[in-house]
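In the working numbering, the protein residues as written are 3 to 148.
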Amino acid sequence: MHDVEAIAARLRDARALPELLAVSFDAFEAIRVLARGSENRVPALFAAFMTVANAAVDGREAIAIAPSLSPAPGVTLVTSPPAADADLGTIADALAALGALLDERLAHAANRAVISGDRAACQEAAEAGRRIHQLMARDDNDRHLR
């Protein structure tokens, strides 16, 4: 979960659009890895984690075509799959909070983007973050990574 907290801090601190796009790409990849690593642990949650992983891929792909994405991001964190004994509630909460933060930051960036391709990429990626939050949140107030 340390990786998720570090990525959330980078998302909150990103000021320029290229920086926000690069860290958003990393965040969606971290969500994908965590969701895929959790999908087989509880059969009843398989579909939810699979859908979250798919939304993360959608968000990552939207970011990848943004014109302002730097070809060589400065810092890339490699996220490890969750430990076998990691609490699924904690993982779900972290994914929900990260999805909400992505939604918030990317929706704001979409409203300020000058280039239409950036605007569209941010809007699409914000929607992916929103889907992730909706799938993993236990209630509307579950945004503890803020």
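Built from N, CA and C at the ideal position, the CB exists for glycine as well. These numbers come from a predicted model, not from an experiment.
C-alpha distance - residue i paired with residue j, whole-angstrom precision
i	j	result
arginine 17	leucine 71	14 angstroms
phenylalanine 48	valine 116	39 angstroms
valine 6	valine 54	15 angstroms
alanine 96	serine 118	31 angstroms
leucine 90	isoleucine 33	13 angstroms
proline 73	aspartate 120	14 angstroms
glutamine 125	alanine 112	6 angstroms
threonine 92	alanine 139	11 angstroms
alanine 66	arginine 133	19 angstroms
leucine 19	leucine 108	9 angstroms
alanine 10	glutamate 106	12 angstroms
proline 69	aspartate 15	21 angstroms
arginine 38	arginine 114	33 angstroms
serine 26	methionine 52	20 angstroms
alanine 57	alanine 98	12 angstroms
alanine 102	valine 35	17 angstroms
leucine 104	alanine 8	14 angstroms
glutamate 31	valine 59	7 angstroms
histidine 135	glutamate 21	22 angstroms
Status (buried if at least 16 other CB within 10 Å, exposed otherwise) for residue i
i	result
alanine 46	exposed
serine 40	buried
histidine 110	exposed
alanine 94	buried
arginine 12	buried
Residue span of the alpha helix (DSSP H) that contains residue i, given as start and end
i	result
arginine 38	19-40
aspartate 120	118-138
alanine 115	Looking at the DSSP string, alanine 115 is not in any alpha helix (DSSP H), and its letter there is neither H nor E.
arginine 62	48-66
Beta carbon of residue i nearer than 9 angstroms to that of residue j
i	j	result
alanine 127	arginine 62	yes
leucine 100	alanine 29	yes
alanine 50	alanine 130	no
alanine 88	leucine 23	no
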